[in-house]
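**Student:** The opening residue of the sequence shown carries number 1083 in this note's numbering; numbering runs sequentially from there.
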Amino acid sequence: MSLKLEIESFKSIGKIEMELGHLTILIGPPAAGKSNILDALGLVGYLHRFKLLDREYRNNAGNVEPLILIARYQDIIQLFRYNELSKPVKIRVSGDVALNYEISFTAGALRVLVNDKQLPWDLRVLRSDPMSELQNFAKLLPTFETRLYGFDRFSLISEICATPLLCGLQYRLSSLSQVRDTPLSILSELGWNSPYIVRKHQLVVRDINDVLRERLDERVEVKVRKTGEVIVYDYDYEVEAVGVSESIYRTLYNLLALKSSHYYVKYYGLEMKFVVLLEEPEAHVFPYFLDLIANSIRELISDVYVVVTTHNPLFASLLCDKVKETKLYYTYRCKDGSTCIRELDIDKMAKELVSIEDILFKPPSEVLEKYAIEVAKVEESRASSS
């Protein structure tokens, strides 16, 4: 089983190709375009939500997470490389799934083709109705879904609601007035159904409490009411959400994302047709929580592809140690400023005792010269496995 991703003329990306492993880790310098790769995957796997609109979103498109938030754009033109409308955006997924997106402007109008069929949607407006034309279109496509989780991407650290769509996670977990119950079976990337999802995954809270107890040797506990509100006690006294370490909420968000994704995949039979995208899940997380996140990823990859971006060499190394089927990609800027990507030879790095921390401190030119897998070697490996 394999998935190949090709992206062309999308945001900072000129043209890249990559093969996803069961676990794919993207590392490299800041602002190299790792998040834009996640955006492309978030876009190409978005429409499957409309196949399950009646079962997960109460048959109302207004209950679906807006694509403009998931893939980070306000205007369609922002999807094009250098706003150059003469070159269409192309995103292709091939292998076990065949999906081909092409976004262009023709005669002054937006044109979105999915597997050579014109999409009856502008990639922006979600009406408060079933949008049956989009549901019918989605049913013609191969089964493939992505979910893109990023605590900072969606401003979940906020202590208030900036809009009804974007609220701090701790605010939603302590004030049910800003909560939605959709989707019903999986954590929304925006966290808006978190009180409902946390009630379904009791082991997540227990695991967090076990770590707090064993590592801190203090009486700090996370508790969940039957209504789904999350309360933190410090030496038997309830602590206001604003006074709780954000590391607890970040860990809770990522663990719920992983656990509920596994449930969702099993419930709907989406094994190896589903990709969990995690943007810097280790950010501002206590080191002793990283093991929890890494173990949850390891449990997930038997049924789901996982793509992780990270700047933390400790976390990346931890994942490589726990998951054998890992592909490690180095993301950098080419001379023309476009996002480029090369797979790194993990075995060679191990033989030369070169750590991921070493890689992140080296200039891109040295990393590519010494540790990037040659294209010819990759093609030879693909040919031998086919």
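Don't be surprised by glycine CBs; every beta carbon is placed ideally from N, CA and C.
What are the start and end residues of the beta strand (DSSP E) that includes Ala1219?
**Tutor:** As a working note, residue 1219 is residue 137 in the sequence shown. The amino acid at residue 1219 is misidentified as Ala; the sequence shows Phe. Element bounds for Phe1219: not the beta strand (DSSP E) but the alpha helix (DSSP H), Ser1214 to Ala1220.
**Student:** For Asp1316, list the residues DSSP reports as bridge partners.
**Tutor:** Start at 1 with the first residue of the sequence shown, and residue 1316 comes out as number 234. Its beta-bridge partners are Val1302 and Tyr1319.
**Student:** If I measure Cβ to Cβ from Ile1242 and keep anything under 8 Å in the same chain, skipping five residues before and after, which residues do I get?
**Tutor:** For the purposes of this step, residue 1242 is taken as the residue at position 160 of the sequence shown. Cys1249, Gly1250 and Tyr1253, listed in sequence order.
**Student:** Taking Cβ to Cβ, would you say Thr1106 is nearer than 8 Å to Val1389?
**Tutor:** Within the sequence shown, numbered from 1, the residue matching residue 1106 stands at position 24. Within the sequence shown, numbered from 1, the residue matching residue 1389 stands at position 307. Taking 8 Å as the Cβ cut-off, Thr1106 and Val1389 qualify as a contacting pair.
**Student:** Is Tyr1156 helix, strand or coil by DSSP?
**Tutor:** Translated into positions along the sequence shown, residue 1156 becomes position 74. Note that residue 1156 is Gln in the sequence shown here, rather than Tyr. Three-state DSSP puts Gln1156 in coil, outside helix and strand.
**Student:** Only counting runs of 3 or more residues, tell me where the beta strand (DSSP E) segments fall wholly within the segment 1178–1241, in order along the chain.
**Tutor:** You should have 1181–1188, 1191–1196 and 1227–1231.
**Student:** Work out the CA separation of Ala1376 and Ala1398 for me, nearest whole Å.
**Tutor:** Reading the sequence shown from its first residue, position 316 is the one you call residue 1398. Reading the sequence shown from its first residue, position 294 is the one you call residue 1376. Ala1398 and Ala1376: Cα-Cα distance of roughly 9 Å.
**Student:** Count the other C-beta atoms from every protein chain shown that fall within 10 angstroms of the C-beta of Pro1369, then say buried if there are 16 or more, exposed otherwise.
**Tutor:** Sequence index remark: in the sequence shown, residue 1369 carries index 287 (1-based). Pro1369 is exposed by the Cβ-count criterion.
**Student:** For chain B, is any of its Cβ atoms less than 8 Å away from the one on Arg1174?
**Tutor:** The chain inventory of the structure shown lacks chain B, comprising one protein chain alone.
**Student:** What's the gap between the Cα of Ser1378 and the Cα of Ala1339?
**Tutor:** Looking up residue 1378 in the sequence shown gives position 296. Looking up residue 1339 in the sequence shown gives position 257. Roughly 10 Å separates the two Cα atoms.
**Student:** Evaluate Leu1334 with the Cβ neighbour count: other Cβ atoms within 10 Å of its Cβ, from every protein chain shown; 16 or more gives buried, anything less gives exposed.
**Tutor:** The sequence position of residue 1334 within the sequence shown is 252, counting from 1. When all chains shown are included, Leu1334 counts as buried.
**Student:** Since Val1287 and Val1306 are thought to touch, with beta carbons under 8 Å apart, how far apart are those beta carbons, to the nearest angstrom?
**Tutor:** By one-based count along the sequence shown, residue 1287 stands at place 205. By one-based count along the sequence shown, residue 1306 stands at place 224. Indeed, because the Cβ distance is near 6 Å, the residues count as touching under 8 Å.
**Student:** Can you confirm whether the segment 1216–1232 touches the segment 1116–1133 when touching is taken to mean that 3 or more C-beta pairs between the two stretches lie within less than 8 Å?
**Tutor:** With the cut-off at 8 Å, the segment 1116–1133 and the segment 1216–1232 touch.
**Student:** Which same chain residues end up closer than 7 Å to Val1347 when comparing Cβ atoms and leaving out the 5 residues on each side of it in sequence?
**Tutor:** Taking the sequence shown and counting its residues from 1, one reaches residue 1347 at position 265. Counting only Cβ-Cβ distances below 7 Å, and skipping sequence neighbours, we find Glu1353, Phe1356, Asp1385 and Val1386.
**Student:** In chain order, what residues of the same chain lie with their CB nearer than 8 Å to the CB of Arg1262, ignoring the 5 residues before and after it?
**Tutor:** For the purposes of this step, residue 1262 is identified with residue 180 of the sequence shown, where counting begins at 1. The answer, listed in chain order, is Asn1145, Ser1270, Trp1274 and Asn1275.
**Student:** Out of Leu1266, Leu1247 and Pro1224, state which residue places its alpha-carbon closest to the alpha-carbon of Ser1259.
**Tutor:** Mapped onto the sequence shown, residue 1259 falls at position 177. The shortest Cα separation from Ser1259 among Leu1266, Leu1247 and Pro1224 belongs to Leu1247.
**Student:** For Trp1203, I'd like the list of residues in its chain whose CB is within less than 6 Å of its CB, leaving aside the five on either flank, ordered along the chain.
**Tutor:** Numbered from its first residue, the sequence shown carries residue 1203 at position 121. Leu1216.
**Student:** Would you call the CB atoms of Asp1234 and Ala1153 closer than 8 Å?
**Tutor:** The residue labelled residue 1234 in the question sits at position 152 within the sequence shown. The residue labelled residue 1153 in the question sits at position 71 within the sequence shown. Cβ atoms of Asp1234 and Ala1153: not closer than 8 Å.
**Student:** With respect to the beta strand (DSSP E) encompassing Glu1088, which residues constitute its N-terminal and C-terminal limits?
**Tutor:** On the sequence shown, position 6 is the one that residue 1088 refers to. Note, Glu1088: beta strand (DSSP E), Leu1085 to Phe1092.
**Student:** Measuring CA to CA, which of Arg1415, Ile1428, Ile1268 and Ser1420 is closest to Glu1407?
**Tutor:** Within the sequence shown, numbered from 1, the residue matching residue 1407 stands at position 325. Closest option to Glu1407, Cα to Cα, is Ile1428.
**Student:** If you draw a straight line from the alpha carbon of His1393 to that of Tyr1278, how long is it in whole angstroms?
**Tutor:** Here residue 1393 refers to the residue found at position 311 when the sequence shown is read from its first residue. Here residue 1278 refers to the residue found at position 196 when the sequence shown is read from its first residue. When rounded, the distance between both Cα atoms is 31 Å.
**Student:** Taking DSSP's pairing of strands, which residues face Met1100 in a bridge?
**Tutor:** For the purposes of this step, residue 1100 is taken as residue 18 along the sequence shown, with counting starting at 1. Paired residue(s): Leu1087.
**Student:** Does the segment 1083–1094 come close enough to the segment 1162–1180 to have 3 or more Cβ pairs within less than 8 Å?
**Tutor:** Touching, yes.
**Student:** Output yes or no for whether 8 Å exceeds the beta carbon distance between Lys1093 and Asp1121.
**Tutor:** Numbered from 1 along the sequence shown, position 11 holds the residue referred to as residue 1093. Numbered from 1 along the sequence shown, position 39 holds the residue referred to as residue 1121. Yes, Cβ-Cβ distance for Lys1093 and Asp1121 is below 8 Å.
**Student:** Quick one: measure Cβ to Cβ for Val1304 and Val1314, integer angstroms, because I've assumed they're closer than 8 Å.
**Tutor:** In the sequence shown, residue 1304 corresponds to position 222, counting from 1. In the sequence shown, residue 1314 corresponds to position 232, counting from 1. That pair is a contact at about 6 Å.
**Student:** In terms of residues, what are the limits of the alpha helix (DSSP H) holding Ile1279?
**Tutor:** In the sequence shown, the residue the question calls residue 1279 occupies position 197. Counting along the chain, the alpha helix (DSSP H) containing Ile1279 begins and ends at Ser1276 to Val1280.
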